[in-house]
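Q: The sequence shown lines up with residues 1073 to 1298 when you count with the working numbering.
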Amino acid sequence: MIVFDSPGPENTSAIVDVVKKEASRCDYIVVASITGSSALQIAETSPGRPIICVTCPPGMYWEVDQMSHDLFATNPGLRSIRDEWIREGKKRVPMEITADNQKKLDALQIPVVKGTIPFFGPSFSIRLHLQQVTSLDIIAKTLELISPGTLVCLECVLMATDAGMIPEGVRVIACAGTERGLDTCWIIRSAASANLFHPERGARLIELLAKPGIAETPDISIEYLR
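1) Say whether the segment 1152-1164 touches the segment 1186-1199, bearing in mind that this needs 3 or more beta-carbon pairs closer than 8 Å, one atom from each stretch.
2) Relative to the C-alpha of Met1231, which residue among Gly1149, Leu1202, Ser1265, Arg1121 is closest?
3) For the structure I just gave you, are there three or more beta carbon pairs, one from the segment 1247-1262 and one from the segment 1218-1234, closer than 8 Å?
4) Here's the rule: buried if 16 or more other CB atoms are within 10 angstroms of the residue's CB, otherwise exposed. What is Thr1214?
5) Assuming Val1091 contacts Ile1114 under a Cβ cut-off of 8 Å, what Cβ separation, rounded to an integer in Å, is found between them?
6) Can you find the residues in the same chain that come closer than 7 Å, C-beta to C-beta, to Pro1166, ignoring five residues on each side of it along the sequence?
7) Taking the beta strand (DSSP E) that Glu1116 belongs to, which residues open and close that run?
8) Do you know offhand how far Cys1098's Cα is from Val1075's?
9) Taking just the CA atoms, how far does Val1136 sit from Arg1151?
10) Rank Ala1263, Thr1117, Gln1181, Pro1194 by C-alpha distance to the C-alpha of Arg1273 and give the top, closest one.
11) For the alpha helix (DSSP H) that Cys1225 lies in, which residues bound it at each end?
12) Take Glu1279 and list the residues in its own chain whose beta-carbon comes closer than 6 Å to its own, dropping the five residues that flank it on each side.
13) Under the DSSP definition of a beta bridge, which residues are partnered with Pro1148?
14) If you run the structure through DSSP and keep just helix, strand and coil, what is Ile1193?
15) Are the beta-carbon atoms belonging to Val1103 and Cys1125 less than 8 Å from one another?
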């Protein structure tokens, strides 16, 4: 297992190398990729397994004027992204695959899954708008103790399975990161979200291949995200 000195997008190339090395052990590769760039970097290595790109549902944005604290202010890699947006005069940045990246993904026949995030969709609205914490928040924050990418890896496998892109019960290499880029990689047994806790067919975190040594987790309110 690789343990990075710090979390963030600067670890993306190392995760790409891990996926290329370990891909033959699994049936599918699932990549959390907001803009499509991380999925394309994985695809460029020709890992020899089907790749599924999992991205954000419509209506999600980074609110740049809310990024004066939390991860985009404290993490050097994320801060540089935020500072670039400020220099460009951006106030709201959509969390979506760019048009250019979508064309490249289409050309490579990499499907894109865009749907409700299992531990984030309705629970985020309840937390933000009703000021209530749900059991899904507890699950999510517990997984983030390992790393935010661990939470997202599991979510992406559930989403890809729910979308019919991968079957249940297969080994998947899943990679994700801390807000942007990649810094975490797991081998996970796939399951539909409705079977997450099924005693025999449920999802399983099989093997951790790479993670940040000390996770940096976003505040539960995530004020920079809408």
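Glycine residues also receive a C-beta, built at the ideal position from the N, C-alpha and C atoms.
A: The short version:
1) Inter-segment contact for the segment 1152-1164 and the segment 1186-1199 is absent: fewer than three beta-carbon pairs are separated by less than 8 Å.
2) Proximity to Met1231 across Gly1149, Leu1202, Ser1265, Arg1121 peaks at Ser1265, based on C-alpha coordinates.
3) yes
4) exposed
5) About 6 Å; that satisfies the 8 Å criterion.
6) Excluding sequence neighbours, Pro1166 sits near Tyr1133.
7) Per DSSP, Glu1116 belongs to no beta strand (DSSP E); it is in the alpha helix (DSSP H), 1109-1116.
8) 21 Å
9) 11 Å
10) Ala1263
11) 1220-1234
12) Excluding residues within five positions, the ones whose Cβ falls inside 6 Å are Ile1259.
13) Residue pairing of Pro1148 in beta bridges, as defined by DSSP: absent, with no partner found.
14) Reading off the sequence, residue 1193 comes out as Gly, not Ile. Correct three-state label for Gly1193: helix.
15) yes
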